[in-house]
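The structure under discussion appears below in the form of structure tokens.
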Amino acid sequence: MRAGVGHIGSSLSIADILSALYGESLIIADPNDPDRDRFVLSKGHAALALYAALHLRGWLSHETLATYCQDNTLLGVHPEWELPGVDFCTGSLGLGMSYATGSALAARMQKSSRRAFVLISDAECNEGIVWEAAMFAAQHNLSNLYVIIDLNGQQALDYTKNVLDLVPMVPKWQAFGWDVHEINGHDRQEIVDCITSCGINSRQPHVLVAHTTFGKGVSFMENQIKWHYWQMNEQEFKLAIEEIER
Amino acid sequence: MRKAFIQTLIGIAETNERVVLITGDLGYLVIEEFMERFPDRFFNAGVAEQNMVGVATGLAEAGYIPFVYSIVNFATLRPYEVFRNGPIIHHLPVRLIGVGGGLEYTNNGVTHYGLEDVGIMRVQNGLQVIVPADSQQTRSALLATWNLPGPIYYRLGKDEKALIPGLEGMFDINSIQVVRTGRDVLFLTLGNITLEAIKAAGELSKRGMESTIAVVPSLNPLPLDSLLQLVKDFRLVLTVEAHYINGGLGSAISEVIAENGVSARLIRCGIRVVPDGSTGSQQFLYHKFEIAAEELAKHAEDEVNKLRNSHEN
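Residue numbers (this note's numbering), protein chains in the order written: chain A, 1054 to 1299; chain B, 88 to 400.
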């Protein structure tokens, strides 16, 4: 609230996915370990949720977290690569998908068992580079690449169905040669189990189409377009905290 | 220069396993040997240049040195933002290879003319911009720079055979390379259009005007000391480039002259119009856009005469 910036709804949409990744799925002994799993938050505008995850993993102190969007901080609206635990700077939609594809390719070339995870938004699939990367990953059988789509049905100005309708999402990825799973993006265990089970012997890259609710957990934000950019006032902040802690 | 480039890269790749080559489905009869020698380190990214640069970013973060190869415009303009946000912002050693700078794709038409690549690359802090003038310099430039930290853009010519007399493969990232000396006019040149400046200098010599010609093979950063040392001795400097007039070598030199209080008169020779559809050979296009030897000589002669007249008055 102090920062006076938006993207709160988008961050709440992915909080459970990040909890599953950073709480269980990602194998990262140390953010500087060259053989760590890579994670790219391609929908960089939801970095607020990522900062919370990095904090809970112990890589970001409470003091640093409190500098969010202040002067001389690495914690801006979008994540910067200089921050321990952030592999790539994102904020321009689509690019992270392609970086992660390169990370997965590098892991295979180096005969490493590490994996590359990338979280993209549904509207991010408007970007051509997403599909360029999707073709490349399938062509090269990058089964160590995991894409998670935050399918909340919203984008900055409208619902996705009114902008560039993405339905049906699953057959699109199947047609591109991917191993596709549909999951509840707010069920942490389901996310973890899906990642664990999906195609160890597969030759295909994996995509988890995660059904999510924009603004999840805060009733007055859920599914509301305005909370893409809207900033909370003090009263809204109190209400939101009460609802989340309930 | 493409063949010299690939042959040199093969030599480097033999001893350095970090070197990877990615093409955007281009390089027929040029890149096959690399592909055959290093099948595990060669990728055809398809006609998808944005992803090509994005994948290279991911590879570089994991320790590789990816060389990304395409025609100038498809290497630079299409994936520009990916290159900016990826390798440049992250200080990663991705090498972008743009083939056919200027008008070398001739009758392929205006979509294939590479006319603003140096300008858009030169504005990127932290990006080395290297423009060899012939095959020999391509080889020495690559050997001297492939392992530098951070990203590099190489603008290569298509001509494999033409050599710049006097250049003899010289390359030093901190220096311009003088290939002819004379006291009246200084030509600063970008890439293989240097040959036109050499022809112009020959013509001027017949008319009693002697020229110095220096190739400027690295633009970002410019070899400032060696440039200033030369430029301060001339009253007339002409920059010559197969590039739009704004943003490229001429702009770079005008910045140097202005910022350092040099009193030389600068004539920027480059392309000053939006190219229309009438196309033809490179020589035809050089004439059309007034950057062939004849036009360069005329620009120089007119200015030399003006300076002489003003001096006499």
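In this text, a Cβ means the ideal position worked out from N, Cα and C, and glycines have one as well.
6 Å Cβ shell around residue i - same chain, five flanking residues per side excluded
{"i": "A:G1206", "result": "Y1212, T1213"}
{"i": "B:A162", "result": "L183, G185"}
{"i": "A:H1108", "result": "L1118"}
{"i": "A:S1174", "result": "K1096, D1203"}
{"i": "B:A380", "result": "E283, K286, A287"}
{"i": "B:V197", "result": "P362"}
Residue of the options minimising C-alpha distance to residue i
{"i": "A:A1176", "options": "A:L1210, A:I1248, A:D1232", "result": "A:L1210"}
{"i": "B:E136", "options": "B:N160, B:I118, B:G188", "result": "B:N160"}
{"i": "B:A387", "options": "B:A351, B:P362, B:V324", "result": "B:V324"}
{"i": "A:G1149", "options": "A:R1167, A:D1232, A:Q1163, A:E1133", "result": "A:E1133"}
{"i": "A:N1197", "options": "A:L1204, A:A1082, A:K1164", "result": "A:K1164"}
{"i": "A:A1105", "options": "A:H1098, A:G1097, A:H1115", "result": "A:H1115"}
{"i": "A:M1188", "options": "A:E1275, A:G1230, A:A1169", "result": "A:G1230"}
{"i": "A:R1110", "options": "A:G1138, A:K1096, A:F1092", "result": "A:G1138"}
{"i": "A:D1088", "options": "A:S1095, A:L1079, A:K1096", "result": "A:L1079"}
{"i": "A:G1302", "options": "A:I1201, A:L1101, A:H1131", "result": "This structure leaves residue 1302 of chain A out entirely; chain A is present only between 1054 and 1299."}
{"i": "B:E283", "options": "B:G256, B:T193, B:I300", "result": "B:I300"}
{"i": "A:I1201", "options": "A:M1285, A:A1068, A:L1261, A:H1098", "result": "A:L1261"}
{"i": "B:E101", "options": "B:G335, B:I260, B:F125", "result": "B:F125"}
{"i": "B:I263", "options": "B:H398, B:E119, B:I340", "result": "B:I340"}
Helix, strand or coil at residue i [DSSP, three-state]
{"i": "A:Y1152", "result": "helix"}
{"i": "A:T1143", "result": "coil"}
{"i": "A:V1262", "result": "strand"}
{"i": "B:H178", "result": "coil"}
{"i": "B:G256", "result": "coil"}
{"i": "A:Q1242", "result": "helix"}
{"i": "A:R1256", "result": "coil"}
{"i": "B:T326", "result": "strand"}
{"i": "A:H1234", "result": "strand"}
{"i": "A:R1161", "result": "helix"}
{"i": "B:C356", "result": "strand"}
{"i": "A:F1290", "result": "helix"}
{"i": "B:I184", "result": "strand"}
{"i": "A:F1189", "result": "helix"}
{"i": "B:F92", "result": "helix"}
{"i": "A:L1118", "result": "helix"}
{"i": "A:S1174", "result": "strand"}
{"i": "B:Y167", "result": "helix"}
{"i": "A:G1062", "result": "helix"}
{"i": "B:Q211", "result": "coil"}
{"i": "B:A384", "result": "helix"}
{"i": "B:L243", "result": "strand"}
{"i": "B:V391", "result": "helix"}
Proximal chain E residues relative to residue i, where beta-carbon distance stays under 8 Å
{"i": "B:E290", "result": "Any reference to chain E falls outside this structure, whose protein chains are A and B."}
Outcome for residue i when other beta-carbon atoms lying within 10 angstroms are tallied against a minimum of 16
{"i": "A:S1036", "result": "Residue 1036 of chain A falls outside the range modelled here, since chain A spans only 1054 to 1299, and no answer is possible."}
{"i": "B:G150", "result": "exposed"}
{"i": "B:A201", "result": "Note that residue 201 of chain B is Gly in the sequence shown here, rather than Ala. With 16 or more other Cβ atoms within 10 Å, it is buried."}
{"i": "B:P166", "result": "buried"}
{"i": "B:L311", "result": "exposed"}
{"i": "A:A1082", "result": "exposed"}
{"i": "B:E148", "result": "buried"}
{"i": "B:R355", "result": "buried"}
{"i": "A:I1294", "result": "exposed"}
{"i": "A:R1167", "result": "buried"}
{"i": "B:L314", "result": "buried"}
{"i": "B:R226", "result": "buried"}
{"i": "B:N103", "result": "exposed"}
{"i": "B:G357", "result": "buried"}
{"i": "B:Y115", "result": "exposed"}
Cutoff 7 Å; reference residue i; Cβ partners in own chain excluding five residues on either side
{"i": "A:I1297", "result": "G1270, V1271"}
{"i": "B:R105", "result": "G150, Y151, I152"}
{"i": "B:L113", "result": "Y156, S157, I158"}
{"i": "B:M242", "result": "Note that residue 242 of chain B is Arg in the sequence shown here, rather than Met. So the qualifying residues of the chain are V159, G185, G188, D204, V205, V218, G278."}
{"i": "B:V391", "result": "D271, V272, M296, L323"}
{"i": "A:F1092", "result": "L1074, L1079, D1140, F1170"}
{"i": "B:T268", "result": "T299"}
{"i": "A:V1058", "result": "C1122, V1130, Q1284"}
{"i": "A:Q1208", "result": "A1176, V1216"}
Own chain partners of residue i with C-beta closer than 8 Å, once the 5 adjacent residues on each side are dropped
{"i": "A:I1182", "result": "G1147, L1148, M1150, S1151"}
{"i": "B:P238", "result": "F170, P174, I175, H178, L179, P180, V181, R182, L183, G213, L214, Q215"}
{"i": "B:L96", "result": "V106, L108, F121, F154, L229, W233"}
{"i": "B:G367", "result": "T193, N194, K375"}
{"i": "B:T251", "result": "A small correction: the amino acid at residue 251 of chain B is Ile; Thr does not occupy that position in the sequence shown. So the list reads A220, D221, Q224, V266, N279, T281, L282, I285, V302, once near-sequence residues are dropped."}
The ligand SAM heavy atom lying under 8 Å from the CB of residue i
{"i": "A:L1136", "result": "With respect to the ligand SAM, the structure shown offers nothing to examine, as it has no ligands at all."}
Whole alpha helix (DSSP H) elements within the stretch 95–159 of chain B, 4-residue minimum: DSSP runs (the alpha helix (DSSP H)) wholly in the stretch 95–159 of chain B: 119–124, 136–148.
Length at least 3, wholly inside the stretch 269–340 of chain B: the beta strand (DSSP E) runs in chain order: Assignment of beta strand (DSSP E) within the stretch 269–340 of chain B, counting only whole runs of 3 or more residues, yields 272–276, 298–302, 305–307, 323–331 in chain order.
What alpha helix (DSSP H) runs, 4 residues minimum, are completely inside the stretch 1071–1119 of chain A? The qualifying runs are 1100–1109, 1115–1118.
At which residue ranges does the stretch 1198–1234 of chain A contain complete alpha helix (DSSP H) runs of 4 or more residues, listed in the order of the chain? List check, alpha helix (DSSP H) in window: 1213–1216, 1222–1228.
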